[in-house]
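J.: Below you'll find the structure I mean.
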Amino acid sequence: MRIVNAIAAPSATEPLVRTTVERRNLGPRDVLIEISYAGICHSDIHTVRGEWGSVPYPLTVGHEIVGHVTEVGAEAGKHKVGDRVGVGCMVNSCRDCDNCQAGYEQYCLDGNTGTYASVDRDGTVTQGGYSTHVVVDEDFVLRVPTSIPQEAAAPLLCAGITTYSPLSHWNAGPGKRVAVVGMGGLGHMAVKIAAAMGAEVTVLSQTLSKKADGERFGAAHYYATSDLTTFEALKNSFDLIINTVSAPIDMRSYLGLLRLDGTLVSVGAPPEPLTVPVFALFGNRRSFAGSSIGGIAETQEMLDFCAERGIAPEVEVIDADAVNDAYERVLTSDVRYRFVIDIASLR
Ligand code: NAP
Ligand code: ZN
Ligand code: ZN
Numbered sequence: 014m015r016i017v018n019a020i021a022a023p024s025a026t027e028p029l030v031r032t033t034v035e036r037r038n039l040g041p042r043d044v045l046i047e048i049s050y051a052g053i054c055h056s057d058i059h060t061v062r063g064e065w066g067s068v069p070y071p072l073t074v075g076h077e078i079v080g081h082v083t084e085v086g087a088e089a090g091k092h093k094v095g096d097r098v099g100v101g102c103m104v105n106s107c108r109d110c111d112n113c114q115a116g117y118e119q120y121c122l123d124g125n126t127g128t129y130a131s132v133d134r135d136g137t138v139t140q141g142g143y144s145t146h147v148v149v150d151e152d153f154v155l156r157v158p159t160s161i162p163q164e165a166a167a168p169l170l171c172a173g174i175t176t177y178s179p180l181s182h183w184n185a186g187p188g189k190r191v192a193v194v195g196m197g198g199l200g201h202m203a204v205k206i207a208a209a210m211g212a213e214v215t216v217l218s219q220t221l222s223k224k225a226d227g228e229r230f231g232a233a234h235y236y237a238t239s240d241l242t243t244f245e246a247l248k249n250s251f252d253l254i255i256n257t258v259s260a261p262i263d264m265r266s267y268l269g270l271l272r273l274d275g276t277l278v279s280v281g282a283p284p285e286p287l288t289v290p291v292f293a294l295f296g297n298r299r300s301f302a303g304s305s306i307g308g309i310a311e312t313q314e315m316l317d318f319c320a321e322r323g324i325a326p327e328v329e330v331i332d333a334d335a336v337n338d339a340y341e342r343v344l345t346s347d348v349r350y351r352f353v354i355d356i357a358s359l360r
C-alpha cells in the first residue's frame with residue numbers, strides 16, 4: 014500500500030483540505046500513474062456536497078486525470094512506463110454483462126466502479142484524481158495523444174467524452190442543427206466537438222457575455238436564454254439539443270425548440286428532477302433522453318478525434334490551494350472554461 018498526497022472533502026459542508034489517501038499495491042494488471050493534472054468537473058462539486066446522495070468522507074474527488082505511467086503490473090501489457098495516459102469517470106466494471114460486452118462499460122448492469130466514492134473490488138472506497146498518484150486496472154487507462162498539452166487533455170476524460178458520446182450517437186454532422194445549452198466545462202466542449210463533426214451549432218447561454226468565445230469555438234449562432242424572445246425565435250429549429258446545465262431547466266420551453274423527430278439529451282445532472290410536460294413531446298414527435306459519459310473504446314476514439322482535429326478544452330490552471338475558490342467560481346458560472354489542478358502543487 015502507498016500513502017500519497019491528496020486534497021479531500023472532510024464533509025459535505027467543509028472546504029477541501031490537504032491530506033493523504035491510500036493506493037493499493039499494484040495488482041498484476043494494474044498500472045501506477047503519476048498524475049500531472051486533474052480537471053474540476055461540476056460532478057465533483059455535486060458529489061462532495063452530498064447533492065446526489067450520501068457519500069463516504071473524507072472523499073477525494075477528480076475524474077479528469079492525466080499523467081504518466083511509472084510502474085506496471087507483471088501481466089499488464091497495454092501501457093508501458095513513461096506513457097502519457099488518462100483516467101476518466103470509471104475504473105472498472107463487471108466486463109461480462111451485455112452492456113460491458115457491447116463496449117458500454119459506463120452502463121454496466123452491475124454498476125461501473127466510479128473513479129471516486131465507489132466500492133472497489135477489494136472492498137475499499139475509490140478515491141479520485143486530486144492526488145499525486147493513482148493505481149488503475151490497465152483496461153480502464155486511456156492513451157492520451159502527446160499533441161494535446163497535458164493540462165488541456167485532462168478535461169477530455171469527462172467533459173470531452175460526455176459530450177462526444179451523445180453527439181456521435183445522435184449523429185451530429187453536416188446538415189444537422191445542434192443546440193448546446195449552458196457553455197461551461199461540458200458545454201464549451203460540446204460546441205467544439207459538434208462544430209468539428211460538421212453540425213450547425215447554436216449556443217443557448219444565460220447571457221450573451223461569452224458570445225465571442227462561443228463563435229471562436231465554432232458556434233454559428235448564440236442566444237441568451239434570459240431573453241424570452243429567444244424561445245419564440247428558435248421554435249421548431251433543432252435536430253439535437255445537448256443540455257449541460259447543472260440546475261433544472263424549463264423543459265417545455267426547450268422541447269419546443271426541437272424540429273420533427275428532434276431529441277433533447279440531458280447530460281446535465283441537477284439533483285432535482287426535470288419536469289417533462291408530455292404534450293411538449295407530442296408535437297414534432299420529440300424525444301427526451303439522457304446520456305452518461307462514454308465507454309472505454311469510445312473515450313479512446315474521442316481522444317484520437319480531438320488530437321486529429323486539433324480540438325482541446327480551454328483551461329485555467331490552478332494550484333491545489335485554490336480549489337475551494339475555484340468551486341465557488343464554477344457555481345456562479347464564472348469558469349473559462351475548465352479549472353485544472355496542477356498536481357505539482359501537491360507534491
Ligand atoms: P459547469 O462548468 O458549471 O457548466 C454548467 C453551465 O450551465 C454553466 O456554465 C452555465 O452556462 C449553465 N448554468 C449553470 N447554472 C444555471 C442555471 N441555474 N440556469 C441556467 N443555466 C445554468 O458544469 P459542467 O462541469 O459542465 O457540468 C454540467 C453538468 O453536467 C453538471 O450537472 C454535471 O454534474 C453534469 N455531468 C454529467 C455527466 C454525465 O455523464 N451525464 C458527466 C459530467 C458532468 P452559461 O453561463 O453559458 O449559461
Ligand atoms: Zn465529470
Ligand atoms: Zn457489466
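If you count the sequence shown from 1, position 33 lands on 46 in the numbering used here, and the numbers rise without skipping. Note that the Cβ used here is the ideal one computed from N, Cα and C, for glycine as well. Small disclaimer: the values here were computed from a predicted structure and weren't measured.
1) Closer than 8 Å is the cut-off here; do at least three beta carbon pairs connect the stretch 28–44 with the stretch 138–152?
2) Which class does Asn125 belong to by DSSP, given the choice of helix, strand or coil?
3) With distances taken between CB atoms, is the gap from Ala339 to Phe352 smaller than 8 Å?
4) Does the pairing of the stretch 76–95 with the stretch 110–125 give three or more beta-carbon distances under 8 Å?
5) Buried or exposed: Gly99, going by 16 or more other Cβ atoms within 10 Å of its Cβ?
6) Which of the three DSSP states is assigned to Glu329 in this structure?
7) Measuring CA to CA, which of Tyr143, Glu77, Val104 and Ser24 is closest to Ile356?
8) What's the call for Glu341, buried or exposed, on a 16-neighbour Cβ count within 10 Å?
9) Tell me whether Met196, by its Cβ, gets closer than 7 Å to a heavy atom of ligand 1.
10) How about the stretch 213–221 and the stretch 233–249: do they share at least three Cβ pairs that are nearer than 8 Å?
11) Taking DSSP as the reference, what is the three-state secondary structure of Ile174?
12) Is there contact here, the stretch 270–281 with the stretch 242–258, by at least three beta-carbon pairs under 8 Å?
13) List the DSSP bridge partners of His234.
14) According to the Cβ coordinates, are Ile48 and Ile78 closer than 8 Å?
15) For the stretch 289–296 against the stretch 319–328, are there 3 or more C-beta pairs whose distance is under 8 Å?
16) Considering only heavy atoms of ligand 1, does any lie closer than 7 Å to the CB of Leu199?
17) Starting from the Cα of Gly195, find the closest Cα among Gln219, Ser178 and Ala208 and give me that residue.
18) Suppose the cutoff is 7 Å on Cβ atoms and the five residues either side in sequence are ignored; what does the same chain contact list for Thr33 look like?
19) Going by beta carbon distance, what residues of the same chain come within less than 8 Å of Glu311, once the five residues before and after it are set aside?
20) Hey, how far is the Cα of Gly80 from the Cα of His146?
21) Comparing the CB of Asp135 with every heavy atom of ligand 3, is any distance shorter than 7 Å?
22) Looking at Ser259 and ligand 3, is the gap between the Cβ and the nearest heavy atom below 7 Å?
23) Take Val104 and list the residues in its own chain whose beta-carbon comes closer than 7 Å to its own, dropping the five residues that flank it on each side.
24) Quick one: Cα of Ala203 to Cα of Pro23, how far?
25) Go through the residues and name those whose CB comes closer than 7 Å to any heavy atom of ligand 3, in chain order.
26) Could you name the residues of the same chain whose beta carbon sits closer than 6 Å to that of Gly200, not counting the 5 residues immediately before and after it, in chain order?
27) What residue range is occupied by the uninterrupted beta strand (DSSP E) comprising Thr83?
28) Nearest-angstrom Cα distance between Glu314 and Ala207?
T.: With the given structure in hand:
1) In the pairwise beta carbon analysis, the stretch 28–44 is classified as touching the stretch 138–152: at least three pairs are separated by under 8 Å.
2) Asn125 falls in the coil class under three-state DSSP.
3) Between Ala339 and Phe352, the C-beta gap is smaller than 8 Å, which places the two residues in contact.
4) Touching, no, given that fewer than three Cβ pairs across the two stretches are closer than 8 Å.
5) With a 10 Å radius around the Cβ and a threshold of 16 neighbouring Cβ atoms, Gly99 comes out buried.
6) Residue state, collapsed to three classes: strand.
7) Of the residues Tyr143, Glu77, Val104 and Ser24, the one whose Cα lies closest to the Cα of Ile356 is Tyr143.
8) Label assigned to Glu341: exposed.
9) Checking the Cβ of Met196 against ligand 1 gives yes.
10) Pairwise C-beta distances place the stretch 213–221 in contact with the stretch 233–249, as three or more of them are shorter than 8 Å.
11) Helix at Ile174.
12) A contact between stretches requires three or more CB pairs, one per stretch, nearer than 8 Å, and the stretch 270–281 meets this requirement with the stretch 242–258.
13) His234 pairs with Thr215.
14) It is a contact, given that the beta carbons lie within the stated cut-off.
15) No contact exists between the stretch 289–296 and the stretch 319–328.
16) Yes, ligand 1 has a heavy atom inside 7 Å of this Cβ.
17) With distances taken between CA atoms, Gly195 lies nearest to Gln219 out of Gln219, Ser178 and Ala208.
18) The residues are Ile16, Val17, Asn18 and Ala19.
19) The answer, listed in chain order, is Gly116, Ile174, Tyr177, Ser178 and Ser181.
20) Taken atom to atom, the span from the alpha-carbon of Gly80 to that of His146 is near 9 Å.
21) In terms of side-chain proximity, the C-beta atom of Asp135 is found no nearer than 7 Å to any non-hydrogen atom of ligand 3.
22) Distances taken from the Cβ of Ser259 to the heavy atoms of ligand 3 include none shorter than 7 Å.
23) Taking C-beta separations shorter than 7 Å and ignoring five residues to either side along the sequence, the partners of Val104 in its chain run Thr126, Thr128, Thr139, Val149, Asp150 and Phe153, following chain order.
24) Ala203 and Pro23 have their C-alpha atoms spaced approximately 33 Å apart.
25) Qualifying residues come out as Ser106, Cys107, Arg108, Asp109, Cys110, Asn112, Cys113, Glu118, Cys121, Leu122 and Asp123.
26) Closer than 6 Å at Cβ, skipping near neighbours: Val193 and Thr257.
27) DSSP places Thr83 inside the beta strand (DSSP E), whose first and last residues are Ile78 to Val85.
28) If you take the alpha carbons of Glu314 and Ala207, they lie about 15 Å apart.
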